[in-house]
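Some notes on the structure that comes next.
Numbering (this note's numbering), first residue to last: 2 to 341.
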């Protein structure tokens, strides 16, 4: 695999990202005493930052790789929705590759009846203490769904691929899935899906379907205890979902790939040091989709995605991987193999 030329081919690929947009807030401090009000630590706040999460983090990952993401989602009319828009508008600039395309926010709609999804992580001594979630899981209204569909009618014909980033927060409805899959089939566009429970089996016949191991067990109502049971479960999922490729993320075990022709590949994890796994799945689906629309076979696309995931796992918080970081990880791994 010519890793440098492949990463160069990512530039300017137009990828639509449809999904639940979130804002990740990180509050870090130090603990020096217990509260007199209750037996809990008092955290003296030293640092606070906001990062893009959910579908917005997928868009950020794509932009970091030189692609042109078109984000389709919804926020509330609160200040956190505006923070997301601000972060999106300054994202997408990679000094390494001289790409300066902004992430488009034209497909980001306001919903005055719901809050912007906010996940607040509070930590001290390099350890997360608690997470607070502010969100609504109610489906978006019919009027907003119709606006999104009209927007997609205009933009799917000119895109190179589509990603669904489904976190069960209400944006992705049955009607929206049906419209996108039908339109993508008619126009020959690849669809990659990062699913959650509610719509799990609605994504029939997509190009890439990427659950994690826990989602596989939950949606098939199984308890997987060994490799034989795992392979049988993956085949059962393939029979039901009929995706071109099923890619199952398995944490420290890496990725497992299955297809409708009986193919099965295992891709090991490449992370040398793991600080934080939040957002790694967003990175995997971004690279899988982007590499696939560039014509890379699924096994090679998964290898690349696992290198990218290894890069972001070595960083704190939700993060993205640059082409240079992925290329360095790839060459480091192969140099290590050659030395063995």
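Ideal Cβ positions, reconstructed from N, Cα and C, are used throughout, including at glycine.
The structure presented is a predicted model; accordingly, all values stated were derived computationally and were not measured.
- Residue range 22-35 is occupied by the beta strand (DSSP E) that includes residue 26.
- Look at residue 71 here: in three-state DSSP terms it is strand.
- Ranked by Cα distance from residue 51, the options 35, 27, 256, 281 are led by 27.
- Nearest C-alpha to residue 228 among 240, 254, 219: 254.
- Between residue 324 and residue 8, the CB-CB gap stays under 8 Å.
- The C-beta separation of residue 285 from residue 306 comes to about 5 Å, placing the pair in contact by the 8 Å criterion.
- For the 8 Å CB-CB criterion, residue 43 and residue 35 form a contact.
- By the neighbour-count criterion, in which 16 or more other beta carbons inside 10 Å mark a residue as buried, residue 190 falls on the buried side.
- DSSP places residue 141 outside both helix and strand once states are collapsed to three, so it counts as coil.
- Taking C-alpha positions only, residue 137 is separated from residue 234 by approximately 32 Å.
- Going by C-alpha positions, residue 236 is about 48 Å away from residue 41.
- Here residue 195 carries a strand assignment [DSSP, helix/strand/coil].
- Going by DSSP, residue 282 is part of the alpha helix (DSSP H) stretching over 281-294.
- In the structure shown, residue 125 adopts extended strand secondary structure according to DSSP, grouped into three states.
- Residue 217 and residue 152 have their C-alpha atoms roughly 32 Å apart.
- Residue 130 places its beta carbon 8 Å or farther from that of residue 165.
- Membership of residue 259 in the beta strand (DSSP E) is indicated by the continuous run 256-260.
- Between the region 160-175 and the region 79-94, the count of C-beta pairs closer than 8 Å stays below three; the two stretches do not touch.
- Per the C-alpha coordinates, the member of 29, 12, 185, 260 positioned closest to residue 150 is 185.
- Only buried fits residue 212, as 16 or more other CB atoms lie within 10 angstroms of its CB.
- When the five nearest sequence neighbours on each side are left out, the beta carbons in the same chain lying within less than 8 Å of the beta carbon of residue 294 are those of 14, 16, 161, 162, 191, in order along the chain.
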